[in-house]
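A quick write-up on the structure given underneath.
There are 2 protein chains.
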Amino acid sequence: MRIGELSRLTGVSRRLLRYYEEQGLIVPDRSTNGYRDYDERNVDRVKQIRGLLAAGLPTRIIKQILPCLDKPRSIHFPDATPEMLALLTSERDKLTDRIEMLTRNRDAMTEYLTEVEQHRAPVAPGQLHST
Amino acid sequence: MRIGELSRLTGVSRRLLRYYEEQGLIVPDRSTNGYRDYDERNVDRVKQIRGLLAAGLPTRIIKQILPCLDKPRSIHFPDATPEMLALLTSERDKLTDRIEMLTRNRDAMTEYLTEVEQHRAPVAPGQLHST
DNA sequence: TGAAACCCTCACATTGATGTGATGGTCAAG
DNA sequence: CTTGACCATCACATCAATGTGAGGGTTTCA
Chain A
993 MRIGELSRLT GVSRRLLRYY EEQGLIVPDR STNGYRDYDE RNVDRVKQIR
1043 GLLAAGLPTR IIKQILPCLD KPRSIHFPDA TPEMLALLTS ERDKLTDRIE
1093 MLTRNRDAMT EYLTEVEQHR APVAPGQLHS T
Chain B
993 MRIGELSRLT GVSRRLLRYY EEQGLIVPDR STNGYRDYDE RNVDRVKQIR
1043 GLLAAGLPTR IIKQILPCLD KPRSIHFPDA TPEMLALLTS ERDKLTDRIE
1093 MLTRNRDAMT EYLTEVEQHR APVAPGQLHS T
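Listed in order, the protein sequences are those of chains A and B. If you're matching positions, the first sequence starts at 993 in this note's numbering and goes up one per residue. If you're matching positions, the second sequence starts at 993 in this note's numbering and goes up one per residue.
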């Protein structure tokens, strides 16, 4: 597929798809006319990239850990150097920390919302299933 | 305390502390000499800000939801407008989505690491407590 | 008093992820 | 063949979060 379709399928702008390519995150084939030619797997790959970016990982790190993650899953760890494993482990741990922090903040928000709710509508427990 | 100490206590650069102030996230007093004068609560507040930033919230959103979160916790929701509650709820939900995405990625990394581990050291379960 | 270590403001630089627009090639349909 | 919808590259713009440094006060302490 060409870039426009991938963009539609992933919701990621053409510009960004080219940017990700420039950063070495995706490497599409080229048709004879020079058009980028993506295969289906790139859809998931792009989504994965978005997820990792949303996780706060910079593209240069994503580039390194992506090869460990996107594969058809399995029998595919020959190219895992010790450095890569260390990097992956460290990023995984950072992710865990980040998840914990986000969870704490999320829970604080929920707690606050609950308190406000109870404050303005002090009701019996049975009525709590409104929303 | 002055900005240097707060910086030390929070690990956030002076520059950023001033930036957060410029963005309306913290509002220190001023000594007669013009120096910023922070109180202890600002330590937690700054950490909270860092947490929310790490969560991907922009400062302008943080500015809006922070008043709901940092307080001495409790009896303090008079200034919660419906808009603010809606905003807070929506950001909370976004956070939840983000947490789920991060968790999926984290688990994928862990899964990969586990597979590699098993591949290069196919051992009995009893030996798994090495690290 | 003078140096060290603070603080202030202001302003410009940078980095990463993006957008936007200019200029031009390709291709399918009328 | 021309028009419209693609595609390409390149370059400049933007935005938020940061860094850095200039130019200049203040406080502390020997």
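We put the CB at the ideal spot given by N, CA and C, even for glycine. As the structure is a computational prediction, the values presented were derived from the model and not from experiment.
- For leucine 1001/B, the enclosing alpha helix (DSSP H) stretches over residues 995 to 1002.
- For arginine 1022/A, the beta-bridge partners assigned by DSSP are Arg1028/A.
- With fewer than three CB-CB distances shorter than 8 Å, the region 1025 to 1042 of chain A does not count as touching the region 1075 to 1087 of chain A.
- With fewer than 16 other Cβ atoms from the protein chains shown falling within 10 Å of its own Cβ, valine 1019/A counts as exposed.
- Excluding its 5 nearest sequence neighbours in each direction, threonine 1002/A has C-beta neighbours in its own chain below 7 Å: Val1035, Val1038, Lys1039, listed in chain order.
- Collapsing the DSSP output to three states places threonine 1073/B in coil.
- Shown here for leucine 1061/B: same chain residues with a beta carbon closer than 7 Å to its own, the five before and five after excluded, namely Gln1040 in chain order.
- Counting along the chain, leucine 1058/A sits inside the alpha helix (DSSP H) bounded by residues 1051 to 1061.
- If you look at alanine 1047/A, you'll find it isn't in any alpha helix (DSSP H); DSSP assigns it neither H nor E.
- Distance between proline 1059/B and arginine 1010/A, taken at the CA atoms: about 40 Å.
- Cβ-Cβ separation between isoleucine 1091/B and threonine 1095/A: approximately 6 Å, consistent with a contact (criterion under 8 Å).
- Between glutamate 1013/B and isoleucine 1053/B, the C-beta gap is not smaller than 8 Å, which leaves the two residues out of contact.
- For leucine 1008/B, the uninterrupted alpha helix (DSSP H) segment begins and ends at 1006 to 1014.
- Between arginine 1028/A and isoleucine 995/A, the CB-CB gap stays under 8 Å.
- With the criterion set as a beta carbon lying under 8 Å from some beta carbon of chain A, the members of the region 1098 to 1110 of chain B are Arg1098, Ala1100, Met1101, Thr1102, Tyr1104, Leu1105, Glu1107, Val1108, in sequence order.
- Burial state of arginine 1022/B is exposed, judged by a 10 Å Cβ sphere holding fewer than 16 other Cβ atoms.
- Distance from leucine 1087/B to arginine 1098/A at the Cβ level is roughly 4 Å; contact confirmed, criterion being Cβ atoms closer than 8 Å.
- Nearest in C-alpha terms to glutamate 1107/A, of all of Gly1016/B, Asp1031/B, Ala1072/B, Gln1110/B, is Ala1072/B.
- The criterion of a C-beta distance shorter than 8 Å is satisfied by glutamine 1015/B and threonine 1051/B.
- Between the alpha carbons of isoleucine 1057/A and leucine 1105/B lies a gap of roughly 11 Å.
- Your pair tyrosine 1030/A and leucine 1008/A does not check out as a contact, with CB atoms roughly 14 Å apart and the cut at 8 Å.
- Contact annotation, methionine 1101/B with alanine 1046/A: C-beta distance approximately 15 Å; criterion of less than 8 Å not satisfied.
- At least 8 Å separates the CB of leucine 1008/B from every CB of chain A.
- When secondary structure is reduced to three states using DSSP, leucine 1080/B falls in the helix class.
- If you check each beta-carbon in the region 1045 to 1065 of chain A against every beta-carbon of chain B, the ones closer than 8 Å belong to Ala1046, Ala1047, Gly1048, Ile1057, Cys1060, Leu1061.
- Listed along the chain, the chain B residues whose CB falls inside 9 Å of the CB of glycine 1043/A are Met1093, Leu1094, Arg1096, Asn1097.
- Taking CB atoms only, arginine 1084/A has a neighbour in chain B less than 8 Å away.
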